[in-house]
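Enquirer: This is the structure, below, for whatever I ask next.
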Amino acid sequence: MQKPIYLVITELFPTSDSFRGPYVYDQVRAIEKDGRYKVVVLRPTSWLHKEKNYEYNGVKVYRFTHYDLPSDMWPGSNTWLSLRAMDKCLKYLGIAYNDIAVVHAHVSNNARFANHVKCQNAECLTVLQHHGYDVLGLSLGRFSTKEWHRKRALRYGVRECNKIDLHVGVSKEILRYLENNEGIKLNGKYVLYNGVDTDKFFKKSSRLSSKNKTFTIGCVANFWELKDQITLIKAVEILVESDCINIKVKFVGTGYTREDCEQYIQEKGLEQYFEFNNEVDHTQLNAYYNTLDLFVLPSYWDSFGCVYVEAYACGVPFMTAKGTGITELISETDFEKWVIEPHDYIALARNIKNYMNKHEKQILNSAIDIDTLVRNYLDFINIDKNTVAE
1 MQKPIYLVIT ELFPTSDSFR GPYVYDQVRA IEKDGRYKVV VLRPTSWLHK
51 EKNYEYNGVK VYRFTHYDLP SDMWPGSNTW LSLRAMDKCL KYLGIAYNDI
101 AVVHAHVSNN ARFANHVKCQ NAECLTVLQH HGYDVLGLSL GRFSTKEWHR
151 KRALRYGVRE CNKIDLHVGV SKEILRYLEN NEGIKLNGKY VLYNGVDTDK
201 FFKKSSRLSS KNKTFTIGCV ANFWELKDQI TLIKAVEILV ESDCINIKVK
251 FVGTGYTRED CEQYIQEKGL EQYFEFNNEV DHTQLNAYYN TLDLFVLPSY
301 WDSFGCVYVE AYACGVPFMT AKGTGITELI SETDFEKWVI EPHDYIALAR
351 NIKNYMNKHE KQILNSAIDI DTLVRNYLDF INIDKNTVAE
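In the UniProt record's numbering, the protein residues as written are 1 to 390.
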């Protein structure tokens with residue numbers, strides 16, 4: 001008997017040239033591994049770029065053209081052309097709308113495609129997954145500061161989102177941001193934390209004990225203001241000034257605030273305590289995490305943060321700031337050990353010092369294995385597709 005189709009529609013998917021969207025790839029593989037569905041991945045591509053279908057690490061990705069205006073000039077423009085292109089893609093693949101049991105779109109701009117499938121097959125469950133706090137894309141494009149554009153984006157986003165059966169957030173906080181938009185009425189919601197493929201990220205038995213070696217802190221993120229790497233730098237400065245000199249921070253990432261961070265380090269004469277790398281190949285990240293004693297990213301506006309759980313899966317505890325979705329996995333009684341107020345480098349220095357002295361075990365209140373998280377999610381949507389929105 002042929003399995004029902006689980007249709008994924010996303011622009012967030014890796015290629016041979018770009019690793020953007022690795023979590024969506026891992027999620028697709030976890031759904032395939034569960035065995036209940038045949039997963040088909042569609043990737044909308046702008047009419048400005050002629051790109052072909054491709055395969056990434058065992059997953060075939062089929063492209064169809066969307067006809068959005070450049071720079072998100074008018075959200076929802078030319079929708080009928082984009083839907084027609086998806087129709088042609090599915091026809092080419094030999095997929096009838098009635099064969100689709102679930103359509104899972106990523107980010108609100110793709111809600112229109114899920115809703116189109118629902119129009120053709122009323123029995124299909126529509127799922128829309130949100131990955132960032134700007135859930136309706138109000139800050140996207142060169143016209144995002146214009147009031148007329150924000151009103152259009154809000155009106156269009158609310159209209160499409162209100163048709164969706166189930167909204168999935170990578171944290172509770174992201175769903176709260178969505179619900180705060182005027183006019184939003186969620187038919188159903190589910191929190192699906194970004195899980196880890198434990199075949200890729202795991203603690204190596206060869207990891208060295210931290211005794212008699214340099215205490216190594218890792219930080220993987222783009223150098224943006226919201227990631228707040230400068231708070232970590234200032235915390236380490238305090239530690240060095242208090243004679244805690246057997247310490248090293250290994251940064252990975254690029255971005256517009258990196259130059260300021262490097263300049264601050266140079267002005268303070270702290271060069272020997274910091275190392276900068278532009279990137280680490282994703283296949284080498286497990287090895288990188290296994291060189292660390294602690295992972296610190298004091299980001300204060302992040303919907304979740306895959307890097308935290310990647311480090312944790314490798315046996316490395318993490319520290320962060322309030323405002324980041326990952327804090328939902330830390331019990332409030334443990335907050336003072338692992339979570340700081342945004343920009344509070346004094347508290348961060350204290351927490352790092354305490355961990356260096358005590359090596360207290362970090363315990364999360366949720367599973368992080370993606371297979372477990374996805375299986376629980378699939379159980380949820382299969383209880384009864386007619387009542388999932390209740």
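Where a beta carbon is used, it is the ideal one built from N, C-alpha and C, also for glycine.
Do three or more CB pairs link the stretch 276-284 to the stretch 163-173 at distances below 8 Å?
Expert: Result no; under three Cβ-Cβ pairs closer than 8 Å.
Enquirer: Beta carbon of Phe13, beta carbon of Arg36: below 7 Å?
Expert: It is not a contact, given that the beta carbons lie outside the stated cut-off.
Enquirer: Kindly indicate which residue of Asp379, Gly305, Glu237, Cys314 has the alpha-carbon position closest to the one of Ile346.
Expert: Residue Glu237 is the option with its Cα nearest to Ile346.
Enquirer: For Pro22, which three-state DSSP category applies?
Expert: If DSSP states are grouped into helix, strand and coil, Pro22 belongs with the helices.
Enquirer: Tell me whether Ser242 counts as near the ligand GDP, meaning its Cβ is closer than 6 Å to at least one heavy atom of that ligand.
Expert: For the structure depicted, the ligand GDP is absent and the ligand set is empty, with no information on it obtainable.
Enquirer: How long is the line joining the alpha carbons of His131 and Ser171, rounded to whole angstroms?
Expert: Each residue's alpha carbon lies about 9 Å from the other.
Enquirer: Since Trp47 and Tyr67 are thought to touch, with beta carbons under 8 Å apart, how far apart are those beta carbons, to the nearest angstrom?
Expert: The pair is a contact, with the Cβ atoms about 5 Å apart (cut-off 8 Å).
Enquirer: Please work out which residues of its chain come closer than 6 Å, Cβ to Cβ, to Arg63, disregarding the five sequence neighbours upstream and downstream, and give them in chain order.
Expert: Counting only Cβ-Cβ distances below 6 Å, and skipping sequence neighbours, we find Arg43, Thr45, Glu51, Asn53.
Enquirer: Could you check which residue in Tyr92, Lys91, Leu93, His116 has the C-alpha nearest to that of Val102?
Expert: Answer by Cα proximity: His116.
Enquirer: To which residues of the same chain is Ala349 closer than 7 Å at the C-beta, ignoring the five residues directly before and after it?
Expert: Closer than 7 Å at Cβ, skipping near neighbours: Ala235, Ile238, Leu239.
Enquirer: If we count the other Cβ atoms within 10 Å of its Cβ and call it buried at 16 or more, is His49 buried or exposed?
Expert: It counts as exposed.
Enquirer: Quick one: give me the first and last residue of the beta strand (DSSP E) that Tyr56 is part of.
Expert: From DSSP, the beta strand (DSSP E) with Tyr56 extends over 54-56.
Enquirer: So the candidates are Leu192, Ala221, Val196, Cys161; which of them puts its Cα closest to the Cα of Leu186?
Expert: Measuring from the Cα of Leu186, the nearest candidate turns out to be Cys161.
Enquirer: Taking the beta strand (DSSP E) that Asp319 falls in, what are its first and last residues?
Expert: Inspection of the sequence shows that residue 319 is occupied by Met rather than by Asp. Counting along the chain, the beta strand (DSSP E) containing Met319 begins and ends at 318-321.
Enquirer: Alpha carbon to alpha carbon, how far is Leu7 from Gln120? Give it in angstroms, no decimals.
Expert: Computed Cα separation, rounded: 14 Å.
Enquirer: Going by DSSP, name the residue or residues bridged to Gln263.
Expert: Gln263 pairs with nothing; no bridge assigned.
Enquirer: Taking the continuous alpha helix (DSSP H) assigned at Ala311, which residues delimit it?
Expert: Here the alpha helix (DSSP H) through Ala311 covers 306-313.
Enquirer: Starting from Gly169, trace the beta strand (DSSP E) in both directions and tell me its first and last residue.
Expert: Note, Gly169: beta strand (DSSP E), 166-169.
Enquirer: Would DSSP call Ile383 helix, strand or coil?
Expert: In the structure shown, Ile383 sits in a helix (DSSP, three-state: H, G or I).
Enquirer: Per DSSP, what are the beta-bridge partners of Gly218 in this structure?
Expert: Beta-bridge pairing links Gly218 to Lys250, Phe295.
Enquirer: Distance, Cα to Cα, Trp338 vs Phe223?
Expert: For Trp338 and Phe223, the distance between alpha carbons rounds to 21 Å.
Enquirer: Is DSSP giving Gln129 helix, strand or coil here?
Expert: Note: Gln129 maps to strand in three-state DSSP.
Enquirer: Looking only at its chain, what residues have a beta carbon closer than 6 Å to the beta carbon of Thr10, apart from the 5 residues adjacent to it on each side?
Expert: Around Thr10: Val24, His106.
Enquirer: From Lys91, Tyr308, Arg84, pick the residue whose C-alpha is nearest to that of Phe201; which is it?
Expert: Nearest of Lys91, Tyr308, Arg84 to Phe201, Cα basis: Tyr308.
Enquirer: When we look at the beta-carbon of Phe274 and count the other beta-carbons within 10 Å, is it buried (16 or more) or exposed?
Expert: Result: buried.
Enquirer: Give a yes or no on whether the C-beta atoms belonging to Ile217 and Cys261 are separated by under 7 Å.
Expert: No; because the gap between Cβ atoms is not below 7 Å, this pair is not in contact.
Enquirer: Could you give the first and the last residue of the continuous beta strand (DSSP E) run that contains Ser146?
Expert: One detail in the question is off: residue 146 reads as Lys in this sequence, not Ser. Segment: none, Lys146 is in no beta strand (DSSP E) and carries neither H nor E.
Enquirer: How many angstroms separate the CA atom of residue 391 from the CA atom of Val374?
Expert: In the structure displayed, the chain extends from 1 to 390; residue 391 sits before or after that span and is not available.
Enquirer: Grab the span of the beta strand (DSSP E) containing Val102 for me, first residue to last.
Expert: Its beta strand (DSSP E) spans residues 100-106.
Enquirer: Measuring alpha carbon to alpha carbon, tell me which of Ala221, Glu241, Glu271 ends up nearest Phe295.
Expert: Considering only alpha carbons, the answer is Ala221.
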